[in-house]
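Heads up: the structure comes next, in structure tokens.
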Amino acid sequence: MELKIRELTTIQEMLDQIETMRFLYPNLSIEKYENYLSQMVPHNYTQIGVFENNICLGITGCWSATKLWTGKYLEIDNFVVNPDVRSKGIGKLLTDYIEQKAIDLDCSSIVLDAFTGNFAAHRFYYNQGYGPKGFHFVKILDEKKLTL
16 MELKIRELTT IQEMLDQIET MRFLYPNLSI EKYENYLSQM VPHNYTQIGV
66 FENNICLGIT GCWSATKLWT GKYLEIDNFV VNPDVRSKGI GKLLTDYIEQ
116 KAIDLDCSSI VLDAFTGNFA AHRFYYNQGY GPKGFHFVKI LDEKKLTL
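Counted the way my numbering counts, the sequence shown spans residues 16 to 163.
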């Protein structure tokens, strides 16, 4: 298996990989995805994909920002690996790439959210050296607007 990692920086490149993103968000429409991306990309959002023969096996979004408590950081967003190739190192390739990107951007840390019931993701992130620092509280104002 010859894998290539590619950064996706344009909305069209990201839209082309919607089927991989749908492993995480099965009901994600192309219209909603394009709308959200058009709002995210101008704010530093990019995606990183792992490809075999131009087939996307795993993808994650990321963006850098600055907060008072951490300074500059890199945030992982929407991390997904095709279920057919999980436990084959695709996720580790993505986290290793993200870590180098964060170092190159002179970030103090990498942050991410994982849903509370997603124990497989928790185990994966712990194994990659991530640990909880606090709670991410959410107050949902309109469930109809959620992608999940």
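Quick reminder that beta carbons are idealized off the backbone N, C-alpha and C, glycines included.
Please read these numbers as outputs of a predicted model, since none were measured by experiment.
Check whether the region 86-96 touches the region 26-33, taking contact to mean three or more Cβ pairs, one atom from each stretch, closer than 8 Å. no
Please return the same chain residues whose Cβ sits closer than 6 Å to the Cβ of Thr-75, not counting the five positions on each side in sequence. For the purposes of this step, residue 75 is taken as residue 60 along the sequence shown, with counting starting at 1. Cβ within range, chain order: Ile-63, Ile-91, Phe-94, Leu-109.
Quick one, which of Phe-130, Ala-129, Cys-122 has its alpha-carbon nearest Leu-83's? What you label residue 83 is simply residue 68 of the sequence shown in a count that begins at 1. Out of Phe-130, Ala-129, Cys-122, Cys-122 has the C-alpha closest to the C-alpha of Leu-83.
Rank Cys-77, Leu-72, Val-65 by C-alpha distance to the C-alpha of His-58 and give the top, closest one. Within the sequence shown, numbered from 1, the residue matching residue 58 stands at position 43. If we check each option's Cα against that of His-58, Cys-77 comes out closest.
Do Asn-97 and Thr-35 have their CB atoms nearer than 8 Å? The residue given as residue 97 occupies position 82 in the sequence shown. The residue given as residue 35 occupies position 20 in the sequence shown. Yes, the pair counts as a contact, with Cβ atoms nearer than the cut-off.
Do Phe-66 and Arg-101 have their CB atoms nearer than 8 Å? As a working note, residue 66 is residue 51 in the sequence shown. As a working note, residue 101 is residue 86 in the sequence shown. Against a cut-off of 8 Å, the Cβ pair of Arg-101 and Phe-66 comes out as no contact.
First and last residue of the alpha helix (DSSP H) that includes Leu-30? Within the sequence shown, residue 30 is the residue found at index 15, counting from 1. Start and end: 26-30.
Start and end of the alpha helix (DSSP H) containing Thr-35? By 1-based counting over the sequence shown, the position of residue 35 is 20. Residues 33-36.
Starting from Tyr-88, trace the beta strand (DSSP E) in both directions and tell me its first and last residue. Within the sequence shown, the letter at position 73 stands for residue 88. Counting along the chain, the beta strand (DSSP E) containing Tyr-88 begins and ends at 86-96.
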